[in-house]
Structures are given as structure tokens and as C-alpha cells.
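J.:
Numbering (the numbering used here), first residue to last: 574 to 1172.
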């Protein structure tokens, strides 16, 4: 009766034996998709139910008779089935308590329950973050970073060898805009002079450029020029384009300014990444990959895959793919995003020869990645088939969208600070700080605030657009990180007071309904990880943990643990609580969330 969670779950065993029973009874071969298995309704006796209406065409009997025949056959095939009952066309199975008790033992014995050993050859290169060095990380980057890091942990848990990479967009016209603004109006100040983080300091000049640029456009329009033409002829944008050309030509002064300002930003990014709890195995820089991209463009041009227009710009005609023309190199010889992405993809393949190249990038870039795959395929790169864009929805605030150029973004550092302050206020109001010294309190506020932020972001399916409300995320009730963290801390408090015996046997123990509900959910954890990894969806883990915590709280309210007088029941409930807490810690760990020992 031992469950084999790495091979076949109870659900799969039931489906497999149902297929066998139908074959033996009615000489009909069907596949697993034709077996409608579900958990039995709470108001009925049973653990799992098979709906048999679809099988009456095989049996030529009533639904009740068909269900009874299949039930009797499966009772012989599966010793873990204790009994069955039939209600119309619903075949309900009761599973032996011994099966669920064996699951508890298996969880206890497992080094990392639900995790699969990593196959070093199954390589996945996963890109996330990909910031520009002209502004600090903002709320949109937070979703990107948290999603990318968590997907990496999910894939590792399911046995993949994951290489987490970052591509820093450190060159291009947008970078030159902040450089030019500092050169014109910075008066040689540095982040140190203004006591600002370097990324915030540089970002302010990007906003300043946009402000001055709009003023020039407005003036040109006032003089009679069409707006579209004014955007091209404004002196600032022309200077920025000239600066980009100088950079690509390696002009000394421009290159020195670029190096200095980028370093200010890198130093700022490092602080934010550390506070957010994300990291990378390797960092790529566009300034080091765009030249390889240019080589690929030249290769494609020579092969006739691309074409050159009269002004010297190079394009890809994608009309045979149902798309339009795509620019790959500007007339002045400077590259575009696609150029460097071609080079970066090739470089990553050269570095790792991965089975899969994953990109965590917002859904506004869906078209971009479709084009990237097509061009690489046209170049004969068969591995391009393994490129996958994990497209996620944008994050909005209650007051609407954010715009970097206008300085209306929510700075990641500011948001994390706000979350910390809110966690502190909320925790103090609830009176959950007795016995904590100042250092412990600081750590608790960090744990709760980051847990609230990460859970609120990750519980939403990646494909969905989401609205972030900081106040809603820090709530000790409902589907939130702090609610789960508080339950974990409560269990630790119980375990601290409990006397957990080793080598205790629970053979013959009769499970209560809430205890069995918990064990059912715990048994599903390995399959949950597998499915969430296949769907690249940390939200499935988040919502599983929330449901597990709700089930535990119902068990806790209904059954005494420390005051239970029956020694066997008491030890079982202590052990059950221990293993529930380990799954909570494991699942929250996949989300990048720490759980406190006390709250």
C-alpha cells in the first residue's frame, strides 16, 4: 500500500486500474482522458469518484449496474480501496486509512518531499530581469524578477538544471538620452554628491531628457512644423543619435562617460537585487552581444534571408509568415533590440547548449520573440525551436499605468520600503511583537513585508494582467503571504511545546475526516510541483499552499493537539503538523518567501 509519488499518484493508480477494469469487463480499450475522476463531494461518503455515464455504451446496462461492476472489479485490483458505494452513475471509492498513513511516513522520510533529483544534462537557460541602465528597477521589474526567480526554483524542483541569466540593456539610444542630459545639466555631480542610489540618480536624468525634449518638440510645432517631423528634428534627439554613433565608433570621451554612468547604475541594481532576494548565475551585457548580432545579420544578408533598402538599412521580410517587415540594422549602421537578441541567443547556445531557452518578458514583446525564432530558424539554427517566451501581464496600480519617461513609475526600492513600514505598523497594531528585541523585529518586518509582496505578485497566473495594492497584500487574513507565514509560525509554536516521539507507529489508527483531508492534499504536492513546472506557473504553488493552510486551520480548530489524552492520536497530530509545516516551508521557498519561526 506504499504510495509511489515519483512514479504513480493515487489518482493515476485509480485511472490505470479503471482502464484495466473496463478492458476486462467489456473488452474495450480506452485512454486515461476518458476516465472522469474527481474527489468525492464533501457531503458523500468516499475519497474519489468516477463518473460512469460514459461507459454504459460498453456495458449495455444501467449506470448503477455499470458502476457496481466496475467497483467490484477495482476492489479486486486495488487492495488500497477499502469499499465503494454507488449513487446513480457516480462510483465513490473509500481508500484505506493505512494508505494515507503511509504517505505521512513517506513525507517524513523524504529528504525533499516532492522534489526530483536534478538531471545535469537537462539544461534550461532562463533569462529574467533585463533592465535598462537608464533608470532604477520599478514595480514591473519586481514582477519580472520574482516570476523569473520562482520559475527557476520550480524547474529545479522538477529535475531541470537551470542557469539563471540576466541581460543588461546597457547600450542604445535610451542610454544615450540619460548620458546626454547629465552631460548638459549634471554639472559633474555624482550619486555620492546627492546621496542617491546610482540607478535613481541616472534615472532622474532620463526623465529630465524627456522633459526638455518635449519642450523642443512643442517649440518646433509652434513654429509650424508637423509633430512627427518635430520629434525627428528636435536638437536633443539628433544629439542623442550622434552620441550613439560615437559610442559605437568607440569615441573615447563618450565611452568613458558611458562606463562611469553604467557603473553607478550597476551599483544601485545590486542593492535592489539583494533586498529583493534574487540572483543570477551569469550576467550578459548587450554591449558585448550586439556585435555578434551584427555578424548574424551580415550572414543572413549574404544568404539572401534579409534585404537592404536604398538608405542602407537592413530588413527581414516576414510576409510569408503572415507578418510585416522587421528592421534589423538602421541606415546609420547602429543596431536595434533584435540585433543584439540574435547575438545573445547565439552566445547562450554556444555557452551552454541548453535543451531550452526561456525568456521571462512582458506580453508587449510577444511579436518580438516570434520574429526572433523565425529569423534564427531561417539562419539554420535548429535550436531556435527550443526558444520559449514566458509572456506575463503588466502590473498596474489603482491609479493606472506607469510611465518611465514621465517619472510616474513606482520605484522598486521605494515600494519595498513602503511594504516594510506597512508590515511594521500592521504587526504592531495586532500586538504580535511580544518577546522580540529590536534586531528580531527588524528581521520579522523584512520577512513579512517581502513575503506579502512576493506572494501577492506570484499568486496571480503569469499570463494575467494584475493590479497591485500594497495595503491588501499585508493582511493576516485571506489569501496573503502573512496569513500563511502566521500559520507556519503557529505550528512552530505547537511543535516547540510538544514532545515529538521518534519511532512511533500509527498502524491501525482511525483517521478523522479533517486529518484525512490534510493527508490527501499533502499527497498531491509532488504532482503539483510537476504540473506547475510544466506550466511555468508559480501561482499554482502559491494557491496550493494557501489551500493547505486553510485545511490545516480547519483541522486545528476541530481537533486538540497538545491537550489530546490519547497518546497515539497526540503523537500523530504532532507529526502531521510537523510535515504540514515542512511542505509550507518548501512551497514558500519555491516562491522565494521565508517563513518565520515566530510571529
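Every residue gets a Cβ at the ideal spot worked out from N, C-alpha and C, and that includes glycine.
Let me confirm a value: residue 880 is counted as buried when at least 16 other C-beta atoms fall within 10 Å, else exposed. Which label applies?
T.: Classification of residue 880: exposed, given that the 10 Å Cβ count is below 16.
J.: I need the DSSP call for residue 655, collapsed to helix, strand or coil.
T.: Here residue 655 sits in strand by DSSP.
J.: Quick check: residue 1129 and residue 1094, are their CB atoms within less than 9 Å of each other?
T.: No.
J.: Just tell me which of 728, 682, 666 has its CA closest to the CA of residue 696.
T.: Ranking 728, 682, 666 by Cα distance to residue 696 puts 728 first.
J.: With distances taken Cα to Cα, identify the nearest neighbour of residue 1175 among 681, 828, 1124, 706.
T.: Nothing can be reported for residue 1175, as the shown portion of the chain is limited to 574 through 1172.
J.: Let's test the definition: count the other Cβ atoms within 10 Å of the Cβ of residue 923 and tell me whether it reaches 16, buried, or not, exposed.
T.: By the 10 Å Cβ count, residue 923 comes out exposed.
J.: Taking 8 Å as the cut-off, does the segment 1000 to 1009 touch the segment 1030 to 1038 (at least 3 CB pairs, one atom from each stretch)?
T.: No: fewer than three Cβ pairs fall under 8 Å.
J.: When you compare only the Cα positions, how much space is there between residue 751 and residue 780?
T.: About 8 Å.
J.: What does the alpha-carbon distance come out to for the pair residue 1058 and residue 1067?
T.: So the two alpha carbons sit approximately 14 Å from each other.
J.: With 16 as the cutoff for other CB atoms within 10 Å, does residue 1217 come out buried or exposed?
T.: There is simply no residue 1217 to check, as the chain begins at 574 and stops at 1172 in what is shown.
J.: What distance in whole Å lies between the Cβ atoms of residue 1043 and residue 995, which are believed to be in contact at a cut-off of 8 Å?
T.: Confirmed, about 6 Å.
J.: Does DSSP put residue 767 in a helix, in a strand, or in coil?
T.: In this structure, residue 767 counts as helix in the three-state DSSP scheme.
J.: Could you have a look at residue 706 and say whether DSSP puts it in helix, strand or coil?
T.: Note: residue 706 maps to coil in three-state DSSP.
J.: If you measure between the beta carbons of residue 525 and residue 715, is that distance less than 9 Å?
T.: Only positions 574 to 1172 of the chain appear in this structure, which leaves residue 525 out of reach.
J.: Where in the segment 586 to 615 do unbroken runs of the beta strand (DSSP E), each at least 3 residues long, occur, reported from the N-terminal end onward?
T.: Runs of the beta strand (DSSP E) inside the segment 586 to 615: 610 to 612.
J.: Between residue 742 and residue 859, which are expected to be in contact by the criterion C-beta below 8 Å, what is the C-beta distance as a whole number of angstroms?
T.: Between residue 859 and residue 742 the Cβ distance is about 5 Å, and since that is below 8 Å, they are a contact.
J.: Could you name each continuous beta strand (DSSP E) segment of 3 residues or more that falls completely within the segment 658 to 712, going from the start of the chain to the end?
T.: Entirely contained in the segment 658 to 712, the beta strand (DSSP E) runs reaching 3 residues are, in chain order, 663 to 668, 692 to 700.
J.: Count Cβ pairs between the segment 835 to 854 and the segment 724 to 740 that sit closer than 8 Å; are there 3 or more?
T.: Yes: the two stretches touch, three or more of their Cβ pairs being nearer than 8 Å.
J.: What is the C-beta distance between residue 970 and residue 957, in whole angstroms, given that I count them as a contact (C-beta under 8 Å)?
T.: Not a contact, Cβ separation roughly 37 Å.
J.: Give every residue of the same chain whose Cβ lies closer than 7 Å to the Cβ of residue 786, excluding the five residues on either side of it in the sequence, and list them in chain order.
T.: Cβ neighbours of residue 786 beyond the five flanking positions: 807, 809, 810.
J.: Could you check how far apart the C-beta atoms of residue 1071 and residue 1147 are, in whole angstroms? I think they sit under 8 Å.
T.: About 5 Å; that satisfies the 8 Å criterion.
J.: Anyone know if the C-beta pair for residue 1135 and residue 1142 falls short of 9 Å?
T.: The answer is no: Cβ separation not under 9 Å.
J.: Taking one C-beta from the segment 758 to 777 and one from the segment 834 to 844 each time, how about it: are there three or more such pairs within less than 8 Å?
T.: The segment 758 to 777 vs the segment 834 to 844: in contact.
J.: Could you name each continuous beta strand (DSSP E) segment of 3 residues or more that falls completely within the segment 940 to 1026, going from the start of the chain to the end?
T.: With a minimum length of 3 residues, the continuous beta strand (DSSP E) runs that stay inside the segment 940 to 1026 are 960 to 965.
J.: Sorted by chain position, which residues of the same chain lie with C-beta nearer than 6 Å to residue 830's C-beta, five sequence neighbours on each side aside?
T.: Same-chain partners within the cutoff: 752.
J.: Where in the segment 882 to 927 do unbroken runs of the beta strand (DSSP E), each at least 3 residues long, occur, reported from the N-terminal end onward?
T.: Listed in chain order, the complete beta strand (DSSP E) runs (minimum 3 residues) inside the segment 882 to 927 are 887 to 890, 898 to 902.
J.: By DSSP, does residue 734 sit in helix, in strand, or in coil?
T.: Reduced to three states, the DSSP call for residue 734 is strand.
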